[in-house]
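Q: Structure in structure tokens, see below.
Protein chains: 2
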Amino acid sequence: MRDDQAGKVARNASVIDFSMIEDAVGYRLRRAQLSVFQDFNEAFSAKGLRPTDFAVLMLLTRNQGAKQSEVAEALGIQRANFVAIVDGLENKGFVARRKSEVDRRVQSLHITEQGLAYLDDLMPIWQEHEERLLAKLGGKAARDQLIGLLKRLYD
Amino acid sequence: MRDDQAGKVARNASVIDFSMIEDAVGYRLRRAQLSVFQDFNEAFSAKGLRPTDFAVLMLLTRNQGAKQSEVAEALGIQRANFVAIVDGLENKGFVARRKSEVDRRVQSLHITEQGLAYLDDLMPIWQEHEERLLAKLGGKAARDQLIGLLKRLYD
DNA sequence: TATTGTTATACTCTATAACTATA
DNA sequence: TATAGTTATAGAGTATAACAATA
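Protein sequence lines correspond, in order, to chains A and B. Just so you know, the first sequence maps onto residues 1 to 155 in the UniProt record's numbering. Just so you know, the second sequence maps onto residues 1 to 155 in the UniProt record's numbering.
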């Protein structure tokens, strides 16, 4: 078997033939998402904020008092796993839980004044992140096109 | 504070105002990728195959004898974490490690005859998966457009 | 000294079951 | 009985450090 040799000859150090999977939708989605999340994490690492934390704060600005399980489902997170996320945001003082008076089983979530101020502080970082993506994509038209296509895969 | 009440009134049971993040590229990428991977996993669960395993087998068909660390890097997986993946494929008899005669540090990876037969068996499932995505996207033109945009985010 | 594969380890994310308090 | 939040736990995926064999 001379596969080793044949491979060595046909391929130089780090060139792999990708033709079989480079156009697989799932593969491309994974790589793109990893790249975008890495950019996000590098931008927000100093703030100790993860994408999900940011999404929760953003959501609450327009959904004050939303049910905890409602927010979790909206973000595709199981309610059991969402508890620790809210715990973290609550410990930092950015989110407050209040027992609903209508149904004492539910916790309604509120972004605090401190949380809003924090978001204000974060918005420029967020904008810069989105603008880096915009530059890579080649403009708003391309971005809107991408969003539209992604929505067809999940909405 | 009547946030609970105000929220309750403005929003019915499970309707959350998403306007703040619905057009965030990273959020849309994550949801789309989760949806696509879920479809993949449901299709392949009976075969006990994960997306990464499939990608490795696909890659090896055109890169017989490739270095283990080369394949890992091509797929964006760290070499330390790639060991267990190759172990699994080797235990199933789909991949073989052979010590390179040129550099005895490197393991060159080969897909076996059994691995090729397995892939043949899997291809219809793969095709159906890609066609379900194609249907969601609305045709090949849309798919190619999406792939092109994703490549701009990472290539 | 540097690199490849490997082991060990830790941390995050995700999935499931079961408990509690309320309804 | 059913539901919201919670706890505990197990499984993936990922990141880092260190080691042996080899270059």
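Where is the CB? At the ideal position from N, CA and C, for every residue including glycine.
1) Suppose contacts are defined by Cβ-Cβ distances below 8 Å. Is residue 152 of chain A in contact with residue 150 of chain B by that definition?
2) Taking the DSSP output, what are the residues bridged to residue 109 of chain A?
3) Just to check my reading of the structure: residue 18 of chain A and residue 74 of chain B have Cβ atoms closer than 8 Å, yes? What is that Cβ distance to the nearest angstrom?
4) Which chain B residues sit within Cβ distance under 7 Å of residue 152 of chain A?
5) So what does DSSP say about residue 35 of chain A, is it helix, strand or coil?
6) According to DSSP, is residue 20 of chain B part of a helix, a strand, or is it coil?
7) Is it the case that the Cβ atoms of residue 39 of chain B and residue 132 of chain B are separated by a distance below 8 Å?
8) Interface residues of chain B around residue 61 of chain A at Cβ under 7 Å?
9) Could you give the C-beta distance for residue 58 of chain B and residue 21 of chain A, rounded to a whole number, given that I count them as a contact under 8 Å?
10) Residue 56 of chain A: which of A:31, A:35, A:96 sits nearest, CA to CA?
11) Is there a C-beta anywhere in chain B that falls below 8 Å from the one on residue 89 of chain A?
12) Counting only Cβ pairs nearer than 7 Å, list the residues of chain A close to residue 26 of chain B.
13) Just the chain A side, please: which residues come within less than 7 Å of residue 33 of chain B by C-beta, in chain order?
14) When you compare only the Cα positions, how much space is there between residue 147 of chain B and residue 42 of chain A?
15) Given a threshold of 16 other Cβ atoms within 10 Å of its Cβ, counted over all protein chains shown, does residue 114 of chain A qualify as buried or as exposed?
16) Put residue 92 of chain A into one of helix, strand or coil per three-state DSSP.
17) Distance cutoff 8 Å, beta carbons only. Does residue 116 of chain B sit that close to anything in chain A?
18) Do you know how far the Cα of residue 155 of chain A is from the Cα of residue 94 of chain A?
A: Walking through what the data contain:
1) Not a contact, by the Cβ cut-off of 8 Å.
2) Answer by DSSP bridge pairing, in chain order: A:66, A:97.
3) 7 Å
4) 136, 137, 138
5) Residue 35 of chain A: helix per DSSP, three-state reduction.
6) coil
7) Yes.
8) 20
9) 5 Å
10) A:96
11) no
12) 36, 37, 40, 51
13) 29, 30, 33
14) 25 Å
15) The residue is exposed, with fewer than 16 neighbouring Cβ atoms inside 10 Å.
16) Three-state result, residue 92 of chain A: coil.
17) no
18) 28 Å
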